[in-house]
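K.L.:
Handing you this structure, nothing more for now.
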Ligand SMILES: Nc1ncnc2c1ncn2[C@@H]1O[C@H](COP(=O)(O)OP(=O)(O)OP(=O)(O)O)[C@@H](O)[C@H]1O
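Numbering (my numbering), first residue to last: 51 to 344.
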C-alpha cells in the first residue's frame with residue numbers, strides 16, 4: 051500500500067497552509083511533528099479527503115483519494131482534532147451510531163464496539179453519558195471510533211491531547227500494537243508521544259516537511275552539537291542569544307544547562323548524546339517562547 055502526496059498544496063485566501071508537499075508513505079507509524087500552525091491539520095484533512103487541495107493530490111496505490119470516494123473512506127479511520135461528541139449519548143450508543151454511519155453490519159458493530167471499548171479501557175463506562183466523561187476519556191473514545199472499521203489508514207490528529215502521562219504511555223503501546231499492516235499517521239507537538247513508537251518522523255514547518263527520517267537519522271543531524279554544563283545565572287546572561295537552550299535546570303545558585311550549538315557554548319561544556327527533543331527545539335528555535343531565548 052502506497053499513500054502518496056504529490057505537490058500537495060492548500061491555500062486559504064492569502065495563507066498557504068500546506069505548500070507543495072511531496073511524500074510517499076507505506077505501512078508503518080508516522081509521527082507528524084510541528085508547532086501550532088505548521089499545517090498538520092490541513093495536511094491530514096487532505097489525506098482524509100475532507101479538504102480539497104488547491105493543487106496537487108493524494109493518491110492511494112495510484113488512485114486519487116477524492117475520486118475513490120467511498121472505497122477510500124472504507125479504508126480510513128480518522129480522529130479529528132475537535133471531535134463533535136453528542137453529550138447525551140452513552141459511549142456505547144455513540145460507537146454504534148458511528149458504526150452505522152460507516153455502514154457496518156449491526157452484529158459486527160456490536161462485537162467491534164465491545165472489543166474497542168475494552169482496548170481503550172472504557173468497558174466499565176460503556177453505559178455512561180459522554181457529558182460525564184473527562185477530556186482523556188473522550189479522547190480514548192475518539193480513538194476507539196476511529197478503529198471501528200479496522201482501517202488500513204489511520205489518521206489521528208493530536209490523539210494524546212488531554213491524556214495524562216499514564217494514559218499517554220498506554221496509548222503509545224496501543225498504537226504500536228496496531229501498526230503491522232496499516233499506515234498510521236499521528237500528529238503532535240509533543241516529541242515523547244512519537245519518539246519511541248514512530249518508524250519515521252516527519253517534521254513540518256510553515257506548510258512543508260523540512261526533515262524526515264528515523265529518530266536515529268534525525269538526531270544524527272545534530273551529532274556533536276548538543277552540550278551540557280554547570281553554569282551560573284551570570285554566565286547564562288552572557289551566553290550568545292543564537293544558542294538554543296533546551297533546558298536550564300536551577301539547583302540553588304548552580305544551573306544545569308543543555309543547549310544545541312554548532313560551537314562549544316561555554317568553556318566547561320561537554321558534548322552530550324542528542325535526542326529528538328534537542329533536534330525539535332533547535333528546528334523551531336525561531337518560533338519558541340521568548341523566555342527560552344538567551
Ligand atoms: N479554514 C481556514 N481558513 C483560513 N486559514 C486557515 C484555515 N485552516 C487553517 N488555516 C491556517 O493555516 C495554517 C495551518 O493551520 P493548521 O491547523 O493546518 O496547522 P496545525 O499544524 O494543525 O496547527 P495546530 O497544531 O495548532 O492545529 C495556520 O496559519 C492556520 O491559521
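All C-beta atoms, glycine included, are put in the ideal place defined by N, C-alpha and C.
Small disclaimer: the values here were computed from a predicted structure and weren't measured.
Whose C-alpha, out of 268, 284, 198, 185, is nearest the C-alpha of residue 210?
P.N.:
Selected option, being the one with the closest Cα: 185.
K.L.:
State the start and end residues of the unbroken beta strand (DSSP E) segment that holds residue 258.
P.N.:
Residues 258-263.
K.L.:
With DSSP as the reference, identify every bridge partner of residue 295, one or two as the case may be.
P.N.:
309, per the DSSP bridge assignment.
K.L.:
What is the residue span of the beta strand (DSSP E) that residue 317 lies within?
P.N.:
Segment: none, residue 317 is in no beta strand (DSSP E) and carries neither H nor E.
K.L.:
Assess contact between the region 233-250 and the region 75-93, defined as three or more Cβ pairs (one per stretch) separated by less than 8 angstroms. Is contact present?
P.N.:
At 8 angstroms Cβ cutoff, the stretches touch.
K.L.:
Within its chain, find whatever has a CB closer than 7 angstroms to the CB of residue 56; leave out the 5 residues flanking it on each side and keep chain order.
P.N.:
Result list for residue 56: 72, 106, 107, 109, in chain order.
K.L.:
Using a Cβ distance threshold of 8 angstroms, determine whether the region 164-177 contacts the region 135-150, with at least three qualifying pairs required.
P.N.:
Yes, since at least three Cβ pairs between the region 164-177 and the region 135-150 fall closer than 8 angstroms, the two stretches touch.
K.L.:
In the DSSP assignment, find the alpha helix (DSSP H) that holds residue 271 and state where it starts and stops.
P.N.:
It is not in any alpha helix (DSSP H) - residue 271 carries neither H nor E in the DSSP assignment.
K.L.:
For the 8 angstroms Cβ check, are there 3 or more pairs between the region 114-132 and the region 200-214?
P.N.:
Judged by Cβ distances under 8 angstroms, the region 114-132 makes contact with the region 200-214, as three or more pairs qualify.
K.L.:
Can you look up residue 278 in the DSSP assignment and give me helix, strand or coil?
P.N.:
In this structure, residue 278 counts as strand in the three-state DSSP scheme.
K.L.:
How close, in whole Å, do the beta carbons of residue 320 and residue 275 come, if the pair is a contact with beta carbons under 8 angstroms?
P.N.:
At roughly 13 angstroms, the Cβ-Cβ gap does not stay under 8 angstroms, so residue 320 and residue 275 are not in contact.
K.L.:
Opposite residue 238 in the DSSP bridges: which residues?
P.N.:
Bridge partners of residue 238: 83.
K.L.:
Starting from residue 224, follow its DSSP beta bridges and name the residues at the other end.
P.N.:
In DSSP, residue 224 forms no bridge with anything.
K.L.:
Should residue 92 be listed as close to ligand 1, given that the test is whether its C-beta is under 7 angstroms from any heavy atom?
P.N.:
True, at least one ligand heavy atom lies under 7 angstroms from that Cβ.
K.L.:
Fully enclosed by the region 109-179, which beta strand (DSSP E) runs are 3 residues long or longer?
P.N.:
Listed in chain order, the complete beta strand (DSSP E) runs (minimum 3 residues) inside the region 109-179 are 126-129.
K.L.:
Give a single yes or no on whether residue 133 has its beta carbon closer than 7 angstroms to a heavy atom of ligand 3.
P.N.:
The ligand content of the structure shown is limited to ligand 1, which means ligand 3 is not among them.
K.L.:
Taking residue 54 as part of the beta strand (DSSP E), name the residues at either end of that continuous run.
P.N.:
Counting along the chain, the beta strand (DSSP E) containing residue 54 begins and ends at 53-62.
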